[in-house]
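Working notes, beginning with the structure itself.
Residue numbers (this note's numbering): 31 to 222.
Okay, here's the thing in structure tokens:
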């Protein structure tokens, strides 16, 4: 995988976007991490070099996205504090077409699943992201999968995907809730 542009986005905070960027995707793909965030932690919490922007700097972000992707992979982590303005820029510029994959973390419970559904609908209906580019990561699963299928932990999201038809969910794409991520961030240490 080289020269891929990966967008990690969610309308709400606390779903693990930066952890997925810094601890899951970056160790496997390498490349540059671009963070659009002004008030919350990003993947630099894991000791990784991160290019930081806010949504008002979309032109600089977009220029660097294209420049870095010519050299290798680029992971773009969009923080909740900037997501609305960033989405507005994506809509106006058609910039969503630059991304090979759009990763949306999902967390358990009524609120987490509802917020993820809202994010998916925003990306599909308002931004125009192609359904084939969407990847949902079931994050912070707090029970071992052996006790029940992942569908048991995210029933609303699977019902939405079945009803809508555009969102394809992979039940094997889940991450357990692990204390190691907060320990790494506290120590400013990378997954590697």
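Cβ atoms here follow ideal geometry from the backbone N, Cα and C, with glycine treated the same way.
Go through its chain and collect everything with a Cβ distance to residue i's Cβ below 6 Å, but skip five positions before and after it.
i           : result
residue 39  : 108
residue 220 : 76, 77 and 78
residue 80  : 63, 65, 72, 73 and 74
residue 37  : 106, 129 and 132
residue 82  : 65
residue 88  : 119
Run the CB neighbour count on residue i, radius 10 Å, all protein chains shown included, and call it buried at 16 or more, exposed below.
i           : result
residue 49  : buried
residue 33  : exposed
residue 146 : buried
residue 35  : buried
residue 136 : buried
residue 101 : exposed
residue 159 : buried
residue 195 : exposed
residue 60  : exposed
residue 103 : buried
residue 99  : buried
Residues in the same chain with beta-carbon distance under 8 Å from residue i, minus the five sequence neighbours each way, listed in chain order, please.
i           : result
residue 189 : none
residue 157 : 117, 120, 121 and 126
residue 203 : 165, 166, 167 and 168
Quick check on the DSSP output: the alpha helix (DSSP H) that includes residue i runs from which residue to which?
i           : result
residue 113 : 113–123
residue 194 : 185–194
residue 141 : 139–151
residue 62  : Counting along the chain, residue 62 falls outside any alpha helix (DSSP H), though it belongs to the beta strand (DSSP E) covering 62–66.
residue 95  : 88–99
Rounded to whole angstroms, what is the Cα-Cα separation between residue i and residue j?
i           : j           : result
residue 91  : residue 177 : 43 Å
residue 210 : residue 218 : 12 Å
residue 179 : residue 55  : 24 Å
residue 68  : residue 113 : 10 Å
residue 123 : residue 111 : 20 Å
residue 162 : residue 198 : 8 Å
residue 148 : residue 200 : 19 Å
residue 182 : residue 152 : 25 Å
residue 192 : residue 214 : 37 Å
Are the CB atoms of residue i and residue j nearer to each other than 9 Å?
i           : j           : result
residue 86  : residue 52  : no
residue 171 : residue 150 : no
residue 116 : residue 143 : no
residue 93  : residue 140 : no
residue 57  : residue 222 : yes
Below 8 Å, is the gap between the Cβ of residue i and the nearest heavy atom of the ligand SAM?
i           : result
residue 126 : Because no ligand of any kind appears in the structure shown, any question about the ligand SAM cannot be addressed here.
Taking residue i as part of the beta strand (DSSP E), name the residues at either end of that continuous run.
i           : result
residue 56  : Here residue 56 belongs to no beta strand (DSSP E); instead the alpha helix (DSSP H) covers 56–59.
residue 83  : 81–83
residue 135 : 131–136
residue 219 : That residue, residue 219, is in no beta strand (DSSP E); it is neither H nor E in DSSP.
Excluding sequence positions up to five away, which residues of its chain have a Cβ less than 7 Å from the Cβ of residue i?
i           : result
residue 46  : 135, 169 and 170
residue 206 : 171
residue 42  : 110 and 145
residue 95  : 35, 64, 104, 106 and 128
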